[in-house]
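Protein sequences, first through last, are from chains X and R.
Heads up: the first sequence is residues 35 to 167, going by my numbering.
Heads up: the second sequence is residues 12 to 111, going by my numbering.
No residue lacks a Cβ here, since even glycine has one placed at the ideal position from N, Cα and C.
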Amino acid sequence: MPLKLTLKPGETFILNGAVVRNGDRRGVLLLENQARILREKDIMQPEEATTPVRRAYFAIMQMYLTGESDGPPYDRTMRALSDLLAVVPAIDARDLIAEISGHVSAGQLYKGLSKCRKLIQFEDEALPDREAG
Amino acid sequence: MSVRRLVSEDCAEPVTLADGIQRLERGGPCQGLQVDLGNGNLACADGRFGRAGLLQRLIGHRLILAFAADPAPEGVTLPPRPIDVSEETREILDLVRPIS
């Protein structure tokens, strides 16, 4: 089943490492087969990776963007996840981090990113005034 | 048909994480080896680094599972590690920035 993407004017997305920008009208795209796609709202710039959760998201996103599932990008992600475990005491969150590791280690990077977004949401709700660090 | 699907079809019954690590560390074949990481996640030697990459991922995941099983000390803060951005990622992300 194709993936339907509705794009706002000027909206950007990344498709298998290529940056694609929509024109000045609303657009609809159908993606007929599996590809690495990341929408603008899910793209994180390095300067936005300001907390351990965001640094983990950024590390997984790097793997997803470049299509690398092992080697140095994998090591970076595991370092970010272990740093995250060092500061997260909540058992539910620790279980979720272990799940994320399973997805990443199996090359299911989009699933890993989705779960990491849940952690970011949790962080935003629990610690709205938390200083970056 | 994706590479992942082709690999999966050739794979035998999945083995456990501990078995997968043991087989690879003993020099066993990685062709057709499928390792069950739980939650429907199966790992194969389908990355750029092949067999070494699979072993790297299995050991990495085992380490994270061990860390996750230990309770975290309360009130820990870590100095932030510098963000390591690959050249390829930087190139992509720079193109995403809004046109000024």
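Looking at the unbroken alpha helix (DSSP H) that takes in residue i, where does it start and where does it end?
| i | result |
| --- | --- |
| residue 78 of chain R | 61-80 |
| residue 38 of chain X | Element bounds for residue 38 of chain X: not the alpha helix (DSSP H) but the beta strand (DSSP E), 37-41. |
| residue 115 of chain X | 106-121 |
| residue 143 of chain X | 143-160 |
| residue 88 of chain R | It is not in any alpha helix (DSSP H) - residue 88 of chain R carries neither H nor E in the DSSP assignment. |
| residue 128 of chain X | 125-139 |
| residue 83 of chain R | Residue 83 of chain R -> no alpha helix (DSSP H), and no H or E assigned at all. |
| residue 93 of chain X | 86-100 |
If residue i sits next to residue j, beta carbons under 8 angstroms apart, how far is it from one beta carbon to the other, in whole angstroms?
| i | j | result |
| --- | --- | --- |
| residue 106 of chain R | residue 79 of chain X | 12 angstroms between Cβ atoms; not a contact. |
| residue 48 of chain X | residue 77 of chain X | 7 angstroms |
| residue 39 of chain X | residue 65 of chain X | 7 angstroms |
| residue 69 of chain R | residue 46 of chain R | 6 angstroms |
| residue 74 of chain R | residue 41 of chain R | With a Cβ gap of about 20 angstroms, residue 74 of chain R and residue 41 of chain R do not count as contacting. |
| residue 83 of chain X | residue 115 of chain X | Not a contact, Cβ separation roughly 14 angstroms. |
| residue 58 of chain R | residue 139 of chain X | The Cβ separation is near 10 angstroms, so there is no contact. |
| residue 132 of chain X | residue 79 of chain R | 4 angstroms |
Strictly by DSSP, which residues pair up with residue i?
| i | result |
| --- | --- |
| residue 46 of chain R | R:26, R:54 |
| residue 61 of chain X | X:41 |
Determine the extent of the beta strand (DSSP E) in which residue i is found, giving its start and end residues.
| i | result |
| --- | --- |
| residue 54 of chain X | 52-55 |
| residue 96 of chain R | Segment: none, residue 96 of chain R is in no beta strand (DSSP E) and carries neither H nor E. |
| residue 73 of chain X | 71-73 |
| residue 48 of chain X | 46-49 |
Taking buried to mean at least 16 other C-beta atoms within 10 Å of its own C-beta, is residue i buried or exposed?
| i | result |
| --- | --- |
| residue 122 of chain X | buried |
| residue 50 of chain X | exposed |
| residue 75 of chain X | exposed |
| residue 86 of chain X | buried |
| residue 56 of chain R | buried |
| residue 141 of chain X | buried |
| residue 14 of chain R | Bear in mind that the predicted position of residue 14 of chain R carries a pLDDT of just 47, short of 50, making it too unreliable to give a figure here. |
| residue 112 of chain X | buried |
| residue 136 of chain X | buried |
| residue 68 of chain X | exposed |
| residue 107 of chain X | buried |
| residue 89 of chain R | exposed |
| residue 62 of chain X | exposed |
| residue 35 of chain X | exposed |
| residue 56 of chain X | buried |
| residue 160 of chain X | exposed |
| residue 37 of chain X | exposed |
| residue 96 of chain X | buried |
| residue 31 of chain R | buried |
Any heavy atom of the ligand SAH within a distance shorter than 8 angstroms of the CB on residue i?
| i | result |
| --- | --- |
| residue 130 of chain X | Inclusion of the ligand SAH in the displayed structure is not the case, the ligand content being empty and no account of it being possible. |
Under 9 angstroms (Cβ pairs) to chain X, residues found in the stretch 78-97 of chain R: Here the close residues are 78, 79, 80, 81, 82, 83, 84, 85, 86, 87, 88, 89, 90, 91, 92, 94, 95, 96, 97.
Proximal residues, the stretch 114-127 of chain X versus chain R, C-beta separation under 9 angstroms: Answer in chain order: 114, 115, 116, 117, 119, 120, 121, 122, 123, 124, 125.
Short-range partners of chain X found in the stretch 31-44 of chain R, where Cβ spacing is below 8 angstroms: Those would be none; no residue qualifies.
Chain X contacts from the stretch 46-62 of chain R (Cβ-Cβ distance under 7 angstroms): If the cut-off is 7 angstroms between Cβ atoms, the stretch 46-62 of chain R has 48, 49, 50, 52, 53, 54, 57, 58, 59, 60 near chain X.
Against chain R: residues of the stretch 76-98 of chain X by CB proximity under 9 angstroms: The residues in question are 77, 78, 79, 80, 81, 83, 84, 85, 86, 89, 92, 93, 95, 96.
Chain R contacts made by the stretch 39-59 of chain X, where a contact means CB separation under 7 angstroms: Hits within the stretch, in order: 46, 48, 51, 53.
Contact set between the stretch 98-110 of chain R and chain X, restricted to residues whose Cβ is under 7 angstroms from the partner: Under the 7 angstroms Cβ criterion, the stretch 98-110 of chain R contributes 99, 100, 103, 104, 106, 107.
Interface positions of the stretch 130-142 of chain X facing chain R (Cβ-Cβ less than 7 angstroms), listed along the chain: If the cut-off is 7 angstroms between Cβ atoms, the stretch 130-142 of chain X has 131, 132, 133, 135, 136, 137, 139, 140, 141, 142 near chain R.
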